[in-house]
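Q:
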Amino acid sequence: MQEILCGDDERRIPPLYQSKLSLEEGQLLRSGNGEKVPSRFVKEDPVHRLPRWLILVQVMGAALLLMSSPASLSAQTKAPLEAAEEAPEKAAAAVAPPLEEKPFTDSVTGMEFVLVKGGCFAMGDTFGDGLPDERPVREVCLDDFYLGKYEVTQKQWELVMGSNPSRFKGGDRPVEQVSWSDVQRFISRLNDQSGQKFRLPTETEWEYAARSGGKGEKYAGTSQEIDLGQYAWYFLNSGSQTHAVGEKRRNDLGLYDMNGNVWEWCADWYGENYYQGRPKHNPEGPSTGSNKALRGGSWFNDAGNLRLAYRYAFSPEYRAGTIGFRLAVRRQ
Ligand SMILES: [Ca+2]
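In terms of our numbering, the numbers along the sequence shown are unbroken and rise by one, the last being 1605.
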């Protein structure tokens, strides 16, 4: 076993988390090999299967056209070609469940938001493989709110702040190396410009949204660890860096990268006993503390840290190439 360091300043993981951030050497050797798509998924995915069938139709059509007049060649080849181009998109739409309502877009940054309809759900260690700070499992209830469809990108950060602190540069990649306090300054400026009341999500809101509206999923979009690479950039497929937001599959609410890519700051102070004695309706963290909560895991973490119930925390002044955020706003 090997102890893992997190962040660019090699700050050590607090003892509470060390057991969860230790990895077998065999896993470390697999770092940076790129995403491994399970062969089962490729074979069954109609996106991969349909075009192959249509290509056969196209080849047969082309053979017939060799016996046709040149004038009719264009018209006869057009239909199968268009069908082949349109088929992947239609097949993908059939795989993804429909979204209930259209998102709204912030006019200043172009940031898209998904409506998360409120409800009640079982929060915490519902799979029985968590740590004490994820227990006891309890029922909590939330009002409607909007949550960013993607992690905030470097392009969006720079539009508001005029600079880009990120370690892994790329306009469509998530901004990182931003502290919780930096994020508050970003939110303050953006709210001045947009007239909105953007904020960070609470831990409860984050977990509810990540679980596709309180479903009992272990990860965002699936409960199967073998499928995690389809939904998240994490230790086994990230190549030790962030990636452009929205490249992986979304969860059922239409949210991308809730797992992996970068950890996401939450509004709450971290409380080890957060799940005990908090209000049932729209609960928030303790009124004060020394660390702010983070959720979702990053490009650096393994599947155990990407569990949706997993809780992480750092000083509000801490910055790392593994930490970013997304915004929330109350439904008007
Ligand atoms: Ca994330």
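By construction, the Cβ of each residue, glycine as well, lies at the ideal position given by its N, Cα and C atoms. Being a predicted model, the structure only gives us computed values, none of them experimental.
With a CB to CB cut of under 8 Å and the five nearest residues on each side skipped, what residues in its chain are close to N1546?
A: Taken in chain order, the residues that qualify are D1406.
Q: Answer with buried or exposed for G1307, where buried requires no fewer than 16 other C-beta atoms within 10 angstroms of its C-beta.
A: With a pLDDT of 32 at G1307, under the threshold of 50, the modelled position of this residue cannot be trusted; read the value that follows with caution. Exposed: under 16 other Cβ atoms inside 10 Å.
Q: Once the 5 residues before and after Y1529 are set aside, which same chain residues still bring their CB inside 7 Å of it?
A: The answer, listed in chain order, is K1422, Y1423, V1518, G1519, K1521, R1523.
Q: For M1531, verify whether its CB is less than 7 Å away from any heavy atom of ligand 1.
A: yes
Q: Could you check whether the region 1486 to 1494 touches the region 1376 to 1395, counting it as contact only if at least three pairs of C-beta atoms, one from each stretch, sit closer than 8 Å?
A: Cβ pair count under 8 Å is three or more, so yes.
Q: Rounded to the nearest angstrom, what separates G1435 and T1378 at their Cα positions?
A: 21 Å
Q: Measuring CA to CA, which of T1595, L1404, S1467 is closest to E1449?
A: T1595
Q: On the CB-based measure, 16 or more other CB atoms within 10 Å of its CB, does K1553 come out buried or exposed?
A: exposed
Q: Pick helix, strand or coil for E1545, following the three-state DSSP scheme.
A: Note: E1545 maps to coil in three-state DSSP.
Q: Tell me where the beta strand (DSSP E) around E1449 begins and ends.
A: Unbroken run through E1449: none, as it is neither H nor E.
Q: For the beta strand (DSSP E) containing M1396, list its first residue and its last residue.
A: For M1396, the uninterrupted beta strand (DSSP E) run begins and ends at 1392 to 1396, by DSSP.
Q: Within the present structure, is the beta-carbon of E1424 separated from the nearest heavy atom of ligand 1 by less than 7 Å?
A: yes
Q: Report whether the distance from the Cβ of E1480 to the nearest heavy atom of ligand 1 is below 7 Å.
A: no
Q: Quick one, which of A1540, N1532, V1387 has its alpha-carbon nearest G1562's?
A: A1540
Q: Is the beta carbon of K1427 less than 8 Å from the beta carbon of M1384?
A: Residue 1427 is actually Gln in this sequence, not Lys. Contact: no.
Q: Hey, A1483 and L1581 are a contact pair by Cβ (cut 8 Å); roughly how many whole angstroms apart?
A: Going by Cβ atoms, the distance from A1483 to L1581 rounds to 5 Å, so yes, they are a contact pair.
Q: Based on DSSP bridge pairs, tell me the residues matched to H1554.
A: Per DSSP, C1414.
Q: Out of curiosity, what's the CA-to-CA distance linking R1584 and W1542?
A: 12 Å
Q: Does the distance between the C-beta of V1535 and the nearest non-hydrogen atom of ligand 1 fall short of 7 Å?
A: Yes.
Q: Within a Cβ cutoff of 8 Å, which residues of the same chain sit near G1544, ignoring the five residues on either side of it in sequence?
A: G1558, P1559, G1562
Q: Taking only three categories from DSSP, how would you classify Y1481?
A: helix
Q: Whole angstroms are fine: how far does the CA of F1418 sit from the CA of L1509?
A: 33 Å
Q: Less than 7 Å separating the Cβ of G1569 from some heavy atom of ligand 1?
A: G1569 Cβ: within cutoff of ligand 1.
Q: Return helix, strand or coil for L1600, following the three-state DSSP convention.
A: coil
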